[in-house]
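Counting from 1, position 112 in the sequence shown corresponds to residue 105 in the working numbering; the numbering is continuous, with no gaps.
A short write-up of the structure that comes next.
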Amino acid sequence: MAGMRVFYEDWQMECCGRPFAVGDEVAWPLVAVDPGERRDRYYGAEAWVENHGDRTRRTTGRVRAIELVRQEYVVHTDRRARERLDRALDPDAGSEGTVVLPSPYHWEAVPGAYALQTADSCPKWFDPDEPGPGPGPHRTHRTVGALITLEPTADGP
-6 MAGMRVFYED
4 WQMECCGRPF
14 AVGDEVAWPL
24 VAVDPGERRD
34 RYYGAEAWVE
44 NHGDRTRRTT
54 GRVRAIELVR
64 QEYVVHTDRR
74 ARERLDRALD
84 PDAGSEGTVV
94 LPSPYHWEAV
104 PGAYALQTAD
114 SCPKWFDPDE
124 PGPGPGPHRT
134 HRTVGALITL
144 EPTADGP
């Protein structure tokens, strides 16, 4: 049976996923990708892993290949929000307890600007590349998930 391409988003893995490696047998709840969205949002995948929907219908298969997806972004910095964050993180400022502030960054994906990095396994946590503290805009990359070649052994999406 031919392999299918499956996209596993970073947040889905970090929230409810279990790391896997090439050669592992997995059972995932998959959602078929609308062909119109396949290229831009799912990096050419035919299906994506949905850990928060109907988990009774799982596709079982063997992982044949893993590629981490590194998306390029243009990041804009809200100067005032960045200054509030810097003050909250300053140990000499004397803040007490937990301080919750919104991110000072607005991330815009650059359409079609991504790279695939071959991997032997998929990590549980994806380290984001943080933009610089300057006013920006900055260009940076972040790993947004994994593109998997899955050889299904049971019902598909």
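The beta-carbon is built from N, C-alpha and C at its ideal position, and this holds for glycine as well.
Counted within 10 angstroms of its Cβ, other Cβ atoms place Gln110 as buried (16 or more) or exposed = exposed
Thr136 versus Arg80, Trp21, Lys117, Arg75, residue with shortest Cα-Cα distance | Lys117
Rounded to a whole number of angstroms, what is the C-alpha to C-alpha distance between Ala40 and Arg11?
-> CA-CA distance, Ala40 to Arg11, rounds to 18 Å.
Let me know if Pro124 comes out buried or exposed under the rule of 16 or more other beta-carbons within 10 Å of its beta-carbon.
-> Classification of Pro124: buried, given that the 10 Å Cβ count is 16 or more.
Three-state secondary structure (DSSP) of Leu94 | coil
Tell me which same chain residues have a C-beta within less than 7 Å of the C-beta of Pro97, skipping the five on either side of it?
-> Thr70, Asp71, Ala74, Arg75, Leu78
Measure the C-alpha to C-alpha separation of Gly46 and Ala108 and round it to an integer number of angstroms.
-> 29 Å
Rank Glu43, Tyr35, Gly(-4), Val19 by C-alpha distance to the C-alpha of Cys9 and give the top, closest one.
-> Glu43
Pull up the distance between the alpha-carbon of Tyr1 and that of Gly16, whole angstroms please.
-> 17 Å
Applying the criterion that 16 or more other CB atoms from any shown protein chain within 10 Å of the CB defines a buried residue, is Val56 buried or exposed?
-> buried
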